[in-house]
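In UniProt numbering, the protein residues as written are 1 to 225.
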């Protein structure tokens, strides 16, 4: 079931949150494919894979997306059917960034940049986490206190669009546990499973999470392969 999430201030568009966008069997299949991949790109505090090619500036040097997102499970078709990318140049995502987060790892507040159509679709695998959102300042920079958070359950899909995409930065705080005080600022409590809400009534230890972040890069150059 899709839930529209309201921002804490008036915005013309925002978020859609969908529980169980993939099944448990599909989640296990995807994680097995990810773990079997021969190449990870190691960053300072996490590692990642790039499916569909690599962005050079504002251009995607494209490669074919792997069959485990185009055939089974047919994630590209499912994402297209949500209507999230209907106005994008290609009508569907053409790139996926795979990020692995271990306990104590995160990502600094950031924006996704001008290379992409302003819609992001994020599928979460493995463990839940809190995604924090920060207001940008007219003079530059951002407010270091999160304006709100979204709790991402395993197998869920979060679609970010419009002013939620352009007016906020997003990040994951690098910590090993999430507390009820941190969960208190989430805006999707009504969209969570009862078991999730019950678990986060006390401190929850983080576990390994893998995110699949799908975007449509509007400028494409054919690569090799």
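Glycine residues also receive a C-beta, built at the ideal position from the N, C-alpha and C atoms. Source: prediction; values computed, not measured.
C-alpha gap between residue 98 and residue 179, whole angstroms | Translated into the one-based positions of the chain shown, residue 98 becomes position 98. Translated into the one-based positions of the chain shown, residue 179 becomes position 179. In a straight line, the C-alpha of residue 98 is about 26 angstroms away from that of residue 179.
Exposed or buried, what is residue 122 when buried is set at 16 or more other beta-carbons lying within 10 Å of its beta-carbon?
-> The count along the chain shown starts at 1 and reaches residue 122 at position 122. It counts as buried.
Within 10 angstroms of the Cβ of residue 176, are there 16 or more other Cβ atoms? Answer buried if so, exposed if not.
-> By one-based count along the chain shown, residue 176 stands at place 176. That one is exposed.
Could you spell out where the alpha helix (DSSP H) holding residue 68 opens and where it closes?
-> Taking the chain shown and counting its residues from 1, the one referred to as residue 68 is at position 68. 67 to 70 is the extent of the alpha helix (DSSP H) around residue 68.
Whole-number beta carbon distance between residue 31 and residue 110, since they are thought to touch under 8 angstroms = On the chain shown, residue 110 is found 110 positions in, with the first residue counted as 1. On the chain shown, residue 31 is found 31 positions in, with the first residue counted as 1. Between residue 31 and residue 110 the Cβ distance is about 25 angstroms, and since that is not below 8 angstroms, they are no contact.
Straight-line Cα distance separating residue 88 from residue 80 = Residue numbering aside, residue 80 sits at position 80 when the chain shown is read from its first letter. Residue numbering aside, residue 88 sits at position 88 when the chain shown is read from its first letter. Near 10 angstroms, if we compare the C-alpha coordinates of residue 88 and residue 80.
Residues sharing a beta bridge with residue 222, DSSP | Taking the chain shown and counting its residues from 1, the one referred to as residue 222 is at position 222. Per DSSP, 62.
Residue 131 versus residue 207 - alpha carbon distance = Your numbering for residue 131 matches position 131 in the chain shown. Your numbering for residue 207 matches position 207 in the chain shown. Rounded to the nearest angstrom, the two C-alpha atoms are 15 angstroms apart.
Decide if residue 153 is buried, meaning its Cβ has at least 16 other Cβ atoms within 10 Å, or exposed.
-> Within the chain shown, the letter at position 153 stands for residue 153. Answer is buried; the Cβ neighbour count reaches 16.
CA-to-CA distance, residue 65 to residue 74, given in whole angstroms = As a working note, residue 74 is residue 74 in the chain shown. As a working note, residue 65 is residue 65 in the chain shown. Rounded to the nearest angstrom, the two C-alpha atoms are 11 angstroms apart.
As assigned by DSSP and simplified to three states, the class of residue 205 | Here residue 205 corresponds to residue number 205 of the chain shown, with the count starting at 1. Strand at residue 205.
Could you tell me which of 112, 183, 205 sits nearest to residue 197, measuring between CA atoms?
-> Here residue 197 is taken as the residue at index 197 of the chain shown, counted from 1. Comparing Cα-Cα distances from residue 197 to each of 112, 183, 205, the minimum goes to 183.
Reduced DSSP category for residue 29 - H, G, I as helix; E, B as strand; rest coil | Sequence index remark: in the chain shown, residue 29 carries index 29 (1-based). Helix.
Report yes if the C-beta distance between residue 106 and residue 210 is below 9 angstroms; otherwise report no.
-> Looking up residue 106 in the chain shown gives position 106. Looking up residue 210 in the chain shown gives position 210. Not closer than 9 angstroms, so no.
Please work out which residues of its chain come closer than 7 angstroms, Cβ to Cβ, to residue 204, disregarding the five sequence neighbours upstream and downstream, and give them in chain order.
-> Looking up residue 204 in the chain shown gives position 204. The residues are 177, 178.
Alpha helix (DSSP H) segment containing residue 169, residue limits = Here residue 169 refers to the residue found at position 169 of the chain shown. Residue 169 -> not in any alpha helix (DSSP H); beta strand (DSSP E) instead, spanning 168 to 172.
Just mark residue 35 as buried or exposed, buried being the case when its beta carbon has 16 or more other beta carbons within 10 Å.
-> Against the chain shown, residue 35 aligns to sequence position 35. Residue 35 should be labelled exposed.
What is the DSSP secondary structure of residue 147, counted as helix, strand or coil?
-> On the chain shown, residue 147 is found 147 positions in, with the first residue counted as 1. Reduced to three states, the DSSP call for residue 147 is coil.
Whole-angstrom C-beta distance between residue 156 and residue 49, which should lie under 8 angstroms | In the chain shown, counting from the first residue as 1, residue 49 sits at position 49. In the chain shown, counting from the first residue as 1, residue 156 sits at position 156. That belief does not hold up - the Cβ atoms of residue 49 and residue 156 are roughly 20 angstroms apart, past 8 angstroms.
Length of the line joining the Cα atoms of residue 161 and residue 54 = Position 161 of the chain shown holds residue 161. Position 54 of the chain shown holds residue 54. Cα to Cα, residue 161 sits roughly 22 angstroms from residue 54.
Can you tell which of 102, 216, 159 has the C-alpha that lies nearest to the C-alpha of residue 174?
-> On the chain shown, residue 174 is found 174 positions in, with the first residue counted as 1. When only C-alpha atoms are compared, the closest one is 102.
Report the rounded CA-to-CA distance for residue 59 versus residue 142, giving the unit in angstroms.
-> Along the chain shown, one-based indexing puts residue 59 at 59. Along the chain shown, one-based indexing puts residue 142 at 142. Rounded to the nearest angstrom, the two C-alpha atoms are 27 angstroms apart.
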